[in-house]
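Anchor point for the sequence shown: position 7 equals 723 in this note's numbering, and the numbering is continuous, going up by one each time. All C-beta atoms in this analysis are idealised placements derived from N, C-alpha and C, irrespective of residue type, glycine included.
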Amino acid sequence: MLTLEAEGGFVYNRFNRAEILQRFSDCAAEITGRSVNTILKVLDPAKRETRSLDELKKFPETHVIGQS
Numbered sequence: 717m718l719t720l721e722a723e724g725g726f727v728y729n730r731f732n733r734a735e736i737l738q739r740f741s742d743c744a745a746e747i748t749g750r751s752v753n754t755i756l757k758v759l760d761p762a763k764r765e766t767r768s769l770d771e772l773k774k775f776p777e778t779h780v781i782g783q784s
């Protein structure tokens with residue numbers, strides 16, 4: 717299952733259409749090689765996890781080579 721969160725109102729309404737959600741499902745299925753259901757939820761900013769800058773600094777630096 718693919719869960720998407722969007723701000724309520726205009727943004728949510730733009731994504732909350734069967735043909736749009738189906739496109740997300742199709743793309744996820746192509747990547748994973750299996751059927752994926754997509755659901756859309758209203759984003760709740762109060763529940764959003766945040767990370768400290770110090771925690772993020774622990775991740776190794778990544779470089780993409782050969783991209784044009």
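For ALA734, the enclosing alpha helix (DSSP H) covers residues 734 to 748.
Between LYS757 and THR719 a beta carbon distance of about 6 Å is seen, short of the 8 Å cut, so the two are scored as contacting. Where VAL752 is concerned, there is no enclosing beta strand (DSSP E), because DSSP gives it neither an H nor an E. Contact check for ALA745 and VAL752: beta-carbon distance about 5 Å, within the 8 Å limit, so the pair qualifies. In this model, MET717 and THR754 are separated by some 6 Å (Cα to Cα).
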